[in-house]
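All remarks here apply to the structure that follows.
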Amino acid sequence: MSVDTETPLPPARLTYGRHTWKEVSFLLANLPFALVGFVYVAVSVLLGVGLSVTVIGLPLLALGLAGARGLGRAERSRARGLLAVRVEEPSPLPRRHGFLPWLWTALKDPVAWRTVLYMFIRLPWGIVTFTVTLVSLIVLWPVLPFVARGLANADRAMVRGLLSPSDELERRIAELETDRGVVVDTAAADLRRIERDLHDGAQARLVALAMGLGLAKEKLLEDPEAAAAMVDEAHGEVKLALQELRDLARGIHPAVLTDRGLDAALSSIAARCTVPVKVTVDLTERPAEAIEGIAYFTVSELLQNVSKHARARSASVAVWRREDRLLLQVRDDGRGGARLDGGTGMAGLAERLGAVDGLFVLDSPEGGPTTVTAELPWRARAKA
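Residue numbers (my numbering): 0 to 383.
Rendered as structure tokens:
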């Protein structure tokens, strides 16, 4: 599952830091933002409710609620920039064909109604925060960082409580929309990699092969020995091009995985690792092809990291199923110290697993050992 985590804030201190000034700016800006929000809600929403007995009342209320969503988006952006609050953006309203379906969807939008409530309570709160912060800035400036942190924490709670997605289903929709973007970006990157490998590898060799054969054809009658040498060189280029094409095909989806499953495929990549690798696959049946492929490429990249970075003497790979989850664990006795932001592709693996509702856990203390545990949802393979 993809999680948008927040960076922990440093504790408030007597000295004024960057976070303190951001919190003070947010608190002082509360009053003008609260005034704008309260006036908008009072004019549009309350007017729509008051005129709901007329023909224009409900459409006016629906438009007011749609605008409230925009105010909520602005408040989330302000909290994100100044308070380091990370909340998922609610999913947009579903498109409805016809006036009445649109009207009903807009009127029962929980995100908009909670934003209206947020704007109502913000006016008195904005007055309080503006007054207290301004007085503290002038009179109580030695303790201003602590005052600002306390007031800002109340604002953080309001944003999380009233401006976050409605419920677990809404949060899940927002996460899936984010994960869909990761999947699209990953697929595009894979296509670019395949195109680059074809252009720089096999295609370049085939072009050189065609030129070599053309020269050999010209020399066939004039200098048969030179032509024979060129044909022999071209034969070597054909072998190299075929090998590169096989490697590229293996990188897209290896034949051994399709034909024989994870056990044989993981044993194959373990044999190419620079350290001895023990492979244990405890599966009574094969998972769906997509899950099997993700598991294969996850282990493949982790073993590449072992070869390139770990300085290990041995490694192990274990694959098993627990209820509706497929679990992978890759362990090595290397130097440790691996991080998700360490440039070894770990962050990319975590994103790919998160995009399919998977988990990625890295345990790599300095000095080793390194253990990576990954979970994938189990989906049964379709019957042939």
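The C-beta atom is built at its ideal place from N, Cα and C for all residues, glycine as well. Just so it is clear, the structure is predicted and the values come from calculations on it, not from any experiment.
Query: Candidates E217, A227, L208: closest to K238 by CA position; Result: L208
Query: L82 in three-state terms, based on DSSP; Result: coil
Query: One or two residues paired with S267 in a DSSP bridge; Result: According to DSSP, S267 bridges with nothing at all.
Query: Cβ-Cβ separation, V110 to R68 (assumed contact under 8 Å), whole Å; Result: 6 Å
Query: Pick from M210, L34, W140 that is closest to G125, judged by C-alpha positions; Result: L34
Query: Terminal residues of the alpha helix (DSSP H) in which S299 lies; Result: 288-304
Query: Cβ distance (whole Å) where W377 is taken to contact L325 below 8 Å; Result: 5 Å
Query: Counterpart residues of L326 in DSSP-defined beta bridges; Result: W319, E374
Query: Beta-carbon gap between A233 and L212 smaller than 8 Å; Result: yes
Query: Other residues of its chain near R113: CB distance less than 6 Å, five sequence neighbours each side excluded; Result: L161
Query: Nonlocal neighbours in the same chain, by C-beta distance under 6 Å from V44, ignoring five residues either side; Result: G63, V115
Query: DSSP-derived helix/strand/coil call for V131; Result: helix
Query: Three-pair Cβ contact test at 8 Å for the segment 121-137 versus the segment 79-96; Result: no
Query: Beta bridge counterpart(s) of A156 as assigned by DSSP; Result: None, per the DSSP bridge assignment.
Query: Selected residue, minimal CA-CA separation from G335, among E300, R259, A309, E350; Result: A309
Query: Straight-line Cα distance separating A41 from W319; Result: 59 Å
Query: Bounding residues of the beta strand (DSSP E) (the contiguous stretch that carries F279); Result: Residue identity differs from the one stated: residue 279 is Thr in this sequence, not Phe. Taken as a continuous stretch (DSSP letters only), the beta strand (DSSP E) holding T279 covers 276-281.
Query: L45 - containing alpha helix (DSSP H), residue span; Result: 45-49
Query: Environment of L375 [buried if 16+ CB atoms lie within 10 Å]; Result: buried
Query: C-alpha gap between Q303 and L358, whole angstroms; Result: 20 Å
Query: Per-residue burial, F98 [other beta carbons within 10 Å of its own, 16 or more giving buried]; Result: exposed
Query: For T369, the three-state DSSP class (helix, strand or coil); Result: strand
Query: Backbone CA spacing between W101 and H18 [nearest angstrom]; Result: 43 Å
Query: Boundaries of the alpha helix (DSSP H) in which L394 is found, first to last residue; Result: Residue coverage of the chain in this structure runs from 0 to 383, which leaves residue 394 outside it and unanswerable.
Query: Extent of the continuous alpha helix (DSSP H) to which V35 belongs; Result: 17-39
Query: Contact under 8 Å by Cβ, L261 with L282; Result: yes
Query: Sequence-distant residues of the same chain with beta carbon closer than 7 Å to P275, five excluded per side; Result: S313
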